[in-house]
Amino acid sequence: MSTRPLGWTTLEESERLAKAGLDSNTADMMYYQTPQDVLDPNNGVSSFGILLNLYPDFNTVKKDMEQFYSGYKGPVPVFFKPCWSLGKLFDLLPETIYGEGFQFGKHLEYYDEFDFEIEYYSSQCHRTIEWWHGEVIIEVAVDALAWLSEHGHIEKPAAK
63 MSTRPLGWTT LEESERLAKA GLDSNTADMM YYQTPQDVLD PNNGVSSFGI
113 LLNLYPDFNT VKKDMEQFYS GYKGPVPVFF KPCWSLGKLF DLLPETIYGE
163 GFQFGKHLEY YDEFDFEIEY YSSQCHRTIE WWHGEVIIEV AVDALAWLSE
213 HGHIEKPAAK
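Each residue of the sequence shown is one higher than the one before, starting from 63 at the first, in my numbering.
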């Protein structure tokens, strides 16, 4: 049985997308870990989990939570990391990308031989600029978004 989350990125996939340059403010969920003694000072229970991000953007909730825990000096690190739902990943896939002088459109497919596929195909030149496939659709979407971000097809956040 798989331990993979059903509808959102793993912590490793989230870190991969952030490293590829995907704007963390596009995350609609977050991973978090809080200090042990905040939840139960007698038992030492720590909180680790995933939350739906109800703030307008990830960076706002991260800033607020880090400020809340700023005085904590305990043994468990406090962290808040972006996480994306499968629906949000699909929303972030551009409808079209440009390359080699052509426009390529997004196609999402399901095939028996390799299950899920995302490709960018041009009817102008009758070819695919890039495609990704695999058995787990969220892994395919992560691969596609990482490549699209690394190759300049997704707008990156402005440098501060």
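Where a beta carbon is used, it is the ideal one built from N, C-alpha and C, also for glycine.
Under 9 Å between C-beta atoms of residue i and residue j
i, j, result
"D85", "E181", "no"
"P156", "L210", "yes"
"M92", "F130", "no"
"K150", "D205", "no"
"F152", "A203", "yes"
Backbone CA spacing between residue i and residue j [nearest angstrom]
i, j, result
"V107", "T96", "Note on V107: pLDDT 49, under 50, position unreliable in the model; the coordinate value appears next. Cα-Cα distance, rounded: 10 Å."
"F164", "F178", "25 Å"
"R66", "E201", "10 Å"
"W193", "H213", "14 Å"
"K168", "T88", "20 Å"
"S184", "L154", "20 Å"
"P219", "F141", "21 Å"
"L73", "A82", "14 Å"
"H195", "E162", "22 Å"
"T158", "T71", "23 Å"
"D126", "E77", "21 Å"
"L79", "I199", "15 Å"
"T122", "H188", "44 Å"
Nearest residue (CA-CA) to residue i, options the options
i, options, result
"Q5", "K143, V140, F166 and S76", "Beyond the ends of the chain as shown, which are 63 and 222, falls residue 5; an answer cannot be given."
"E197", "D126, E171, I159 and E74", "E171"
"Y160", "E74, E77, F141 and T190", "T190"
Burial state of residue i (16 or more Cβ within 10 Å)
i, result
"T147", "Residue identity differs from the one stated: residue 147 is Ser in this sequence, not Thr. When all chains shown are included, S147 counts as buried."
"D174", "exposed"
"L68", "exposed"
"S132", "exposed"
"H215", "buried"
"L75", "According to the sequence provided, residue 75 is Glu. The question's Leu does not apply to it. Answer is buried; the Cβ neighbour count reaches 16."
"K124", "buried"
Interface flag, residue i vs chain C, CB-CB below 9 Å
i, result
"T96", "The chain inventory of the structure shown lacks chain C, comprising one protein chain alone."
Sequence ranges, beta strand (DSSP E) only - wholly within the segment 146 to 187, length at least 3: 158 to 161, 164 to 173 and 177 to 184
At what residue ranges does the segment 184 to 211 contain a whole run of the beta strand (DSSP E), taking only runs of 3 or more? 189 to 196
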